[in-house]
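For the sequence shown, position 125 matches number 238 in the numbering used here, and the numbering has no gaps at all. Just so it is clear, CB atoms sit at the ideal spot from N, CA and C, and this is done for glycine as well. Worksheet for the structure shown next.
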Amino acid sequence: MTPPSSSCAAGRGGPDAMDVYLEGKKLRLDPTKALGKGGEADVFDLGDGRVLKLFKPPEHPDYGNLPDEQAAARARIAEHQHKLPAFPKPLPPRVISPQTLATDKKGKTVLGYAMRKLEGVEPLRRFGDPSFRRAGVPSSRVAELFRGLHRSLSALHGCGVVVGDFNDLNILVTGNDAWLIDADSFQFGPYLATVFTEKFLDPLRLGGSTQGLMPSRPASTDSDWYAFAVALMQSLLCVGPHGGIHRPKPPTPKATPTARVLQRITVFHPDVQYPKPATPFGVLPDDLLHCLHRVFVEDARGPFPLPLLDSLRFTVCASCGVEHARASCPTCRPSATAATTPVTTVRGQVVATRLFTTEGVILHACVEDGALRWLFHADGAYRRETGSDVLQGGLDPSLHWALQGAVTLVGKGGEFAVLAPGQRPERLGVDAPDQRPAFAANARHRYWAHAGALWRDGTFGPERMGEVLAGQTRLFVGPRFGLGFHRAGSLRGAFVFDAERPGLKDGLVLPWPSGRLVDAEAVFDGALCWLFLAEETGGRTVHHCVVVGADGAVKARAKGEAGDGSWLGSLRGRCAAGEALFAPTDAGLVRVELRQGRLEVVREFPDTEPFVDADSRLFLTKHGLTVVRRQDVTALHMT
């Protein structure tokens, strides 16, 4: 086993630790114990029902070689010296506001603040993710969340406070309650909100500017309600007002994202292709759709009409299973009959053969030695591709899955279970950074991070493979090797490991995003790992692709805007084939190749458009390229 890298050792030895003073008592903050990381601060668990938000200083590693970010951090901390002591109290119950200020030893410089800790939270952003919604989040729950959020926002405005940067990462969900966080950025008195998130930015704040989406007018209660409407639409339909792809008829040019906002070219526009994974408009009542149209197209402002939320009642159609809030099902076709399998469809140079369909929902899939395996939920049970039950119960979006042969792994919080046919479940402890249990599997082994170590199942029990950062490590594995990483406080680290032999090669230097990391995924083939990272930075979501070899060397990198319709527009669903990558989009498959240190789109397959969408998952199997969607599995043969 190799010794820990300097980045890991620093967290354990303490040179990266720092002292702050809270309520007159010195606290030593260990970066290895960081609970979370945002774009402007690191968060530490105080162990007493509170967390400490510590503002990143200009010299923070996340701001390395970024002079504009360093200057912004310097200005932000300077303002907090006056703003936080003047913070209005009390605020509404579902607002996490500063309780106690953290200072330096002399008590003169504010470094952060303590606040209430929320347990078992999910950011509101996940409720706009189609894969999260189909895992068991009904629209009725979304409606209840927004009724409570409406009350909180109304009460906040009544206190003379404007959220300013109202977005779906600054709202955390526990049960049916939505909590507003990052209160230090709120606007009140002479303190203006200076940060914003592009997707939630009210176009009326732009003035007459056409030079990008930079506000020229201060935030207001109206701009908060605009952002509320964006979040509501995103959470109910899995698409925001400016989602989809603008596809005008020639010779009209395609509008840029900025032009779409300025010209109000929304998903309601006839020239905008509605995203395939999104929920159809028609499930919402006409009066709610009309209200959203007035806000996003006609610039109506003011408090969102609460009666529209109070009257929103969803039902599931007994005939077709569609969830809707109308008097009758908008999509039901009672005379339709279920398609039999396999069904072969030919379009151009593509032959599509349906291998499996379900009236339930497919939740997870993987490929082992050319064989596709999957897990689906139907008739009140989780089932494998053979139809055998592995777990009884309703859909639960907090469950995480991995498959290994006939064995099913399921994790939740700090534990995962190994469900093998004919055997009693085996339960194991596991680290769960950001509520995601750190375990993975390939055809031969299962791997997990726990208590500062990476483990693998062995002949005589768990085998220790190496030392990792406790509670902070994300883990991915392929047939030949695996990759893990952490970002905690001022610490960054990554490692690769052989799938069969103990030991880690750590100290990898990855091109880390500087903003808030909101998601990560990886796919493997041969000696390459294609790592995908989603970063919230500068008010927008950026997707990064980093190709890493089994030796830990970075082979190439690329980035793109979330939702831009390109191969990097979404984070999941791709499959690797050596130095090539197949990516699903709403316009069909795209092939990307690694060429001389660059990632280049080398071919598009428009004939595949009817069979894939941006939410599809792709696998190379013995049937060829296979597409897994919400309710079906289809093999594609391209001539």
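Check: Per-residue DSSP class, three states only, for Phe245; Outcome: helix
Check: Asp281 and Phe309 closer than 8 Å at C-beta; Outcome: no
Check: Beta strand (DSSP E) runs contained entirely in the region 279-342, provided each spans 3 or more residues; Outcome: 284-287, 290-293
Check: Rounded straight-line distance, which links the Cα of His599 to that of Gly551; Outcome: Position check: residue 551 holds Ala in this sequence, whereas Gly was assumed. Whole-angstrom Cα-Cα distance: 11 Å.
Check: Backbone CA spacing between Pro316 and Ile284 [nearest angstrom]; Outcome: 21 Å
Check: Distance between Ala696 and Thr739 (C-alpha atoms, nearest Å); Outcome: 12 Å
Check: Contact under 8 Å by Cβ, Tyr495 with Arg414; Outcome: no
Check: Cutoff 8 Å; reference Ala452; Cβ partners in own chain excluding five residues on either side; Outcome: Low per-residue confidence applies at Ala452: pLDDT is 39, beneath 50, and the placement is therefore not dependable, though the value from the model is reported in the following sentence. Once the five neighbours on either side are set aside, the close Cβ partners of Ala452 are Arg467, Thr470.
Check: Proximity of Val275 and Ser333 at Cβ, strictly below 8 Å; Outcome: yes
Check: Alpha carbon of Arg330 to alpha carbon of Pro303, nearest angstrom; Outcome: 14 Å
Check: Phe608 versus Gly595: straight-line alpha-carbon distance, rounded; Outcome: 8 Å
Check: Where Cys479 falls: helix, strand or coil (DSSP); Outcome: strand
Check: Limits of the unbroken alpha helix (DSSP H) element including Asp181; Outcome: 180-196
Check: Beta bridge counterpart(s) of Tyr134 as assigned by DSSP; Outcome: Lys139, Thr216
Check: Rounded C-alpha distance that separates Phe313 from Ser348; Outcome: 13 Å
Check: The region 538-551 contacting the region 580-597, beta-carbon criterion three pairs below 8 Å; Outcome: yes
Check: Between the CA atoms of Thr444 and Phe718 - distance to the nearest angstrom; Outcome: 29 Å
Check: DSSP bridge partner residues for Val725 (one or two, in chain order); Outcome: Its beta-bridge partners do not exist; DSSP assigns none.
Check: Pairwise C-alpha distance: Phe200 and His270; Outcome: 14 Å
Check: Distance CB(Leu142)-CB(Ala227) smaller than 8 Å; Outcome: no
Check: Close-in-space but distant-in-sequence residues of the same chain around Pro236 (CB under 8 Å, 5 per side omitted); Outcome: Asp281, Leu282, Ile284, Leu285, Val286, Val631
Check: Through-space distance from Leu733 to Val746, alpha-carbon basis; Outcome: 13 Å
Check: Inter-residue CB distance, Ala291 and Gly249 (contact presumed, cutoff 8 Å); Outcome: Incorrect: roughly 18 Å between the Cβ atoms, too far for contact.
Check: Element boundaries [alpha helix (DSSP H), containing Glu257]; Outcome: 252-271
Check: Integer-rounded CB distance, given that Arg497 should sit under 8 Å from Leu504; Outcome: About 10 Å separates the two Cβ atoms, so there is no contact after all.
Check: Through-space distance from Asp677 to Asp638, alpha-carbon basis; Outcome: 26 Å
Check: From Ser683, Val714, Ala700, residue whose alpha carbon lies closest to that of Glu692; Outcome: Val714
Check: Sub-8 Å separation of Arg557 and Trp568 beta-carbons; Outcome: no
Check: Environment of Glu472 [buried if 16+ CB atoms lie within 10 Å]; Outcome: exposed
Check: Rounded C-alpha distance that separates Glu634 from Glu722; Outcome: 24 Å
Check: C-beta contact flag for Val463 and Leu749 at 8 Å; Outcome: yes
Check: Assigned exposure category for Ala612 - 16 Cβ within 10 Å defines buried; Outcome: buried
Check: Neighbourhood of Gln212 by C-beta, 6 Å cutoff - its chain only, sequence neighbours within 5 removed; Outcome: Ala227, Met228
Check: Local Cβ density within 10 Å of Lys389, reported as buried at 16 or more and exposed below that; Outcome: buried
Check: Arg629 versus Tyr176, Thr307, Ala515, residue with shortest Cα-Cα distance; Outcome: Tyr176
Check: Chain-order list of residues whose beta-carbon lies under 7 Å from that of Cys404 (same chain, five-residue window excluded); Outcome: Pro418, Leu421
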